[in-house]
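Heads up: the structure comes next, in structure tokens.
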Amino acid sequence: MQLAADDRVATRPDGDATIEAGFFGPEDARLFGSLHIPLGSPTAGVLVCSPLHADFVKNYRSEVQLARRLADRGFAVLRFHYRGQGHSDREPSDITFSSLVDDAVLALEDLRSRTGVERVGFMGCRLGGLVAAAAASKVEGAPLVLWEPVVRPDSYVREAIRSKTISALSGSATNGMSSEALMRSLDEQGSMDIHGYPIFRDLVRSLEGRSLAGEVGDEPRPVHVIQISRGSAIRRDLAEVADDWSQLGFAADVRRVSGDVAWWFRGAGSAREEPEALTNEVVTDSADWMTVQLESTSKT
Amino acid sequence: MTALVSTRQERPLFFPAGEHTLFGILTQPATNPKGIAVVILPGGTNLSMNVNGLSVRFCRRVARHGFHALRFDYHGVGESSGRPDRVDLASPFVSDLDGALASLRAHGIERFVLVGSCFGARTVLAGTPTTDGLVGVVLISPPVRDFEMGELEVTRMAAELSVGDFARRAVSARALSGLLKADRRRTYYKLVREKLRERRGRSSERAADRKARYAISPRFLEPLRDLVSRGSPVLFIYGDGDDLWGEFQRGRATSPLAEVLGTATISSTTLPGRVHGFSDSRVADGVFDFVADWIVELPAVDGMQPAGQGRNEGIP
Amino acid sequence: MIEDKVRGFILEEFSSEAAGTALTNDFPLLERQVIDSLGLFHLVGYLEDEFGVEILDEELIPQNFGTISDIARLVREKETYAARG
Numbered sequence: 001m002q003l004a005a006d007d008r009v010a011t012r013p014d015g016d017a018t019i020e021a022g023f024f025g026p027e028d029a030r031l032f033g034s035l036h037i038p039l040g041s042p043t044a045g046v047l048v049c050s051p052l053h054a055d056f057v058k059n060y061r062s063e064v065q066l067a068r069r070l071a072d073r074g075f076a077v078l079r080f081h082y083r084g085q086g087h088s089d090r091e092p093s094d095i096t097f098s099s100l101v102d103d104a105v106l107a108l109e110d111l112r113s114r115t116g117v118e119r120v121g122f123m124g125c126r127l128g129g130l131v132a133a134a135a136a137s138k139v140e141g142a143p144l145v146l147w148e149p150v151v152r153p154d155s156y157v158r159e160a161i162r163s164k165t166i167s168a169l170s171g172s173a174t175n176g177m178s179s180e181a182l183m184r185s186l187d188e189q190g191s192m193d194i195h196g197y198p199i200f201r202d203l204v205r206s207l208e209g210r211s212l213a214g215e216v217g218d219e220p221r222p223v224h225v226i227q228i229s230r231g232s233a234i235r236r237d238l239a240e241v242a243d244d245w246s247q248l249g250f251a252a253d254v255r256r257v258s259g260d261v262a263w264w265f266r267g268a269g270s271a272r273e274e275p276e277a278l279t280n281e282v283v284t285d286s287a288d289w290m291t292v293q294l295e296s297t298s299k300t
Numbered sequence: 301m302t303a304l305v306s307t308r309q310e311r312p313l314f315f316p317a318g319e320h321t322l323f324g325i326l327t328q329p330a331t332n333p334k335g336i337a338v339v340i341l342p343g344g345t346n347l348s349m350n351v352n353g354l355s356v357r358f359c360r361r362v363a364r365h366g367f368h369a370l371r372f373d374y375h376g377v378g379e380s381s382g383r384p385d386r387v388d389l390a391s392p393f394v395s396d397l398d399g400a401l402a403s404l405r406a407h408g409i410e411r412f413v414l415v416g417s418c419f420g421a422r423t424v425l426a427g428t429p430t431t432d433g434l435v436g437v438v439l440i441s442p443p444v445r446d447f448e449m450g451e452l453e454v455t456r457m458a459a460e461l462s463v464g465d466f467a468r469r470a471v472s473a474r475a476l477s478g479l480l481k482a483d484r485r486r487t488y489y490k491l492v493r494e495k496l497r498e499r500r501g502r503s504s505e506r507a508a509d510r511k512a513r514y515a516i517s518p519r520f521l522e523p524l525r526d527l528v529s530r531g532s533p534v535l536f537i538y539g540d541g542d543d544l545w546g547e548f549q550r551g552r553a554t555s556p557l558a559e560v561l562g563t564a565t566i567s568s569t570t571l572p573g574r575v576h577g578f579s580d581s582r583v584a585d586g587v588f589d590f591v592a593d594w595i596v597e598l599p600a601v602d603g604m605q606p607a608g609q610g611r612n613e614g615i616p
Numbered sequence: 617m618i619e620d621k622v623r624g625f626i627l628e629e630f631s632s633e634a635a636g637t638a639l640t641n642d643f644p645l646l647e648r649q650v651i652d653s654l655g656l657f658h659l660v661g662y663l664e665d666e667f668g669v670e671i672l673d674e675e676l677i678p679q680n681f682g683t684i685s686d687i688a689r690l691v692r693e694k695e696t697y698a699a700r701g
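Have a look at this one:
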């Protein structure tokens, strides 16, 4: 059994839409993606930029639900795996922020070439929020939805280390490495293991000095941020960046959805999560917002 | 050693499985195809690529040695259709596995090595009695009892504590003060419910099903017996830090599991650390390196009948 | 007051776990599992956000998070240290 050229993609119906799942990109380093194609010609497209590490797995099905909801409304949606993650080529150690953005740009080209859409929106979750922001900054006025975005990447790494330390406190960690030992492992061995996911030095270094505000840039665009928390207060870092965007003329807002997602905690804390109801609320809110943005601009 | 395998040797598939359409990636052999497919089933609700892409690297690795390899998403997970079902060891996703094997047969592959971890291992076991062409089976951290995801501890405690111990613990100062904590109340409720179930069961529950929650499950034992009778090589892998390893060890000290495990075609190994859940990437990579090496060395791989000689490593 | 802010956060964030408790400054939060590991994670994030302090990993010990008084003491020490420059 030999692979034919058209074996790159497998297709199945999904309601009125069609899902094409398979590989795209340059032959020596291909990406995996799932393209949701609506019935009829899509009016616009949406690119979904996933998070990394354990977040990638945790958020997967929510991204599928979002894509299905948007396809039901006539939009083409591409979800993809960065190279070094999921089914794509390359190794996790190859991932840097630049490679993530390059992959998003490639995915955007693939979305456009396969569907013919001109108008596009972007969605990103956690670290994928920075990637979505960087990719969106290359498309004038493109709307941007961000789920629990990482505002400063150094906090992402600190959270990862902290989750391991806290797990050790509760006795659920697999080994008791201190934060110093983890950072030493990062410096000397090139990676540190967080709950089964190595975080590599090259990625950490490539994130240094970056920020969500920096990746979004100064060109105004609609931005919708979703914070998932049980407490009602908006995170200070999100409130500040949204405020800065508003000052720059962005149509930016932060919406809190009540719930709890144990991003770094695999298994732990899941008793407090209500995945289905929470997913539905986040997906519905995001789809509604993106629909308004893409439909309003398509009429201008 | 052959060239590295990449997506160029991979083909995405949608295939039917019961009422669902599942997604998988079939990795083709890089050289000298052996006509054998390695099928990997992850634990719980894990995606087909598994934690940190373990299954992706594993499939590409065995493909370098001439095997086809299939990784797929269970129904309700990843790219597959459907909604996720609760993960219950008494009801593994056998129809998903059957669909995967049927898909491979449709591609002309008739011989298989099945590799499963935790819930995936129990799904493998449940599927083997009706699977022809088995070359080998690998079971990574398989639970020996039946319970739902998240209920390992409560069912273990219900099984291990006598009624007297249970009652003494219930009236201890620690337990009574724990009633003030919401999480503890929920845990105690589950424990009491589980103990009652262990003693009396539910009216709708067969005695055998009830017993399988607290002791070696026949759903674990009977497929193993079947594999032994067929002479299929089986490899067990646990981590010495796994809770499930402790239960396996206790179980193997008693017959009838001891009889089955003493057969020459069954081998087992323990690795240092925690294997279950793959929460340490170095340990996890080591597991799959070991599995790949074991598969490559299977006697039936080169068309020879198994010599029937298993090996046991790391077992005191 | 720091204690009141922390208490307010805990009551809101961990409402079901805190229900029925008299959340005094000396109430044993960890011992009574009002705060579990995920909760501690969120609490630390809140403290850093709200009070502008940095909680070091080696400070994630029961003595610093056992009660509201412990938490407030930790925050005050950090604020004092920061003020001294």
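Chains as they are written, first to last, in my numbering: chain G, 1 to 300; chain Z, 301 to 616; chain R, 617 to 701. We put the CB at the ideal spot given by N, CA and C, even for glycine. Small disclaimer: the values here were computed from a predicted structure and weren't measured.
Taking CB atoms only, Leu663 of chain R has no neighbour in chain G less than 8 Å away. Excluding the 5 residues flanking it on each side, Arg73 of chain G has same chain C-beta neighbours closer than 6 Å at Thr291, in chain order. According to the DSSP assignment, Pro198 of chain G belongs to no alpha helix (DSSP H) but to the beta strand (DSSP E) extending over 197-200. Relative to Arg497 of chain Z, the option among Z:Gly531, Z:Ser306, Z:Thr455, Z:Tyr538 whose CA is nearest is Z:Thr455. Below the 9 Å Cβ cutoff, chain G contributes Gly231, Ala233 as neighbours of Phe625 of chain R, in chain order. Contacts with chain Z at 8 Å (Cβ-Cβ) include Arg12 of chain G. With a threshold of 8 Å between beta carbons, Val9 of chain G makes contact with chain Z. Per the C-alpha coordinates, the member of G:Ala133, G:Tyr156, G:Phe75, G:Gly231 positioned closest to Leu52 of chain G is G:Tyr156. Taking a Cβ-Cβ threshold of 7 Å, none of the residues of chain R is close to Phe75 of chain G; the smallest such distance is about 34 Å. Counting only Cβ-Cβ distances below 8 Å, Arg30 of chain G has contacts in chain Z at Ser306, Thr307, Arg308, in chain order. Among the bridge pairs identified by DSSP, Trp147 of chain G is matched with G:Cys125, G:Ile226. Taking 3 residues as the minimum length, the beta strand (DSSP E) runs contained wholly in the region 393-457 of chain Z are 411-417, 434-440, in order along the chain. Straight-line spacing of the CA atoms in Glu109 of chain G and Arg69 of chain G works out to 22 Å. Contact annotation for Leu676 of chain R against chain G: Arg162, Thr165, Ile166, Leu169 [CB-CB distance below 8 Å, chain order]. Within a 10 Å sphere around the beta-carbon of Arg574 of chain Z sit 16 or more other beta-carbons, which makes this residue buried. For Arg648 of chain R, the three-state secondary structure derived from DSSP is coil. With fewer than 16 other Cβ atoms inside 10 Å of its own Cβ, Glu118 of chain G counts as exposed. Using a CB distance cut-off of 8 Å, Ala262 of chain G counts as an interface residue toward chain R. Flagged as an interface residue toward chain R: Asp237 of chain G, by a C-beta distance shorter than 8 Å. Rounded to whole angstroms, the gap between the alpha carbons of Ala76 of chain G and Ala44 of chain G is 6 Å. Against Phe657 of chain R, the close residues of chain G are Arg162, Ser163, Ile166, in the order they occur along the chain (beta-carbon pairs closer than 7 Å). Just measuring C-alpha positions, the residue of Z:Met349, Z:Pro392, Z:Pro523, Z:Ala400 sitting nearest Met449 of chain Z is Z:Pro392. Flagged as an interface residue toward chain G: Val660 of chain R, by a C-beta distance shorter than 8 Å. In the structure shown, Glu20 of chain G falls within a strand segment according to DSSP collapsed to helix, strand and coil.
Counting C-beta atoms within 10 angstroms of its own C-beta, Lys58 of chain G has 16 or more neighbours from the protein chains shown and is therefore classed as buried.
Proximity to Ser581 of chain Z across G:Arg112, G:Ser191, G:Ala134, G:Trp264 peaks at G:Ser191, based on C-alpha coordinates. When only Cα atoms are considered, Leu646 of chain R and Ile677 of chain R end up about 10 Å apart. Note on geometry: alpha-carbon atoms of Arg689 of chain R and Val145 of chain G lie some 39 Å from one another. Using a Cβ distance threshold of 8 Å, Val261 of chain G and Ile228 of chain G count as a contacting pair. Counting C-beta pairs closer than 8 Å gives fewer than three between the region 587-602 of chain Z and the region 554-564 of chain Z, which falls short of the contact rule.
Annotation: Leu66 of chain G to Val444 of chain Z spans about 38 Å, alpha carbon to alpha carbon.
Rounded to the nearest whole angstrom, the CA to CA distance from Phe657 of chain R to Arg114 of chain G is 43 Å.
From the beta-carbon of Glu27 of chain G, the residues of chain Z found nearer than 8 Å are Arg308. His87 of chain G carries a coil assignment under DSSP once its states are collapsed to helix, strand and coil. Between Arg221 of chain G and the set G:Ile199, G:Ala135, G:Asp237, G:Pro38, the nearest pair of CA atoms involves G:Ala135.
Counting of Cβ neighbours within 10 angstroms places Ala251 of chain G among the exposed residues, the total staying below 16.
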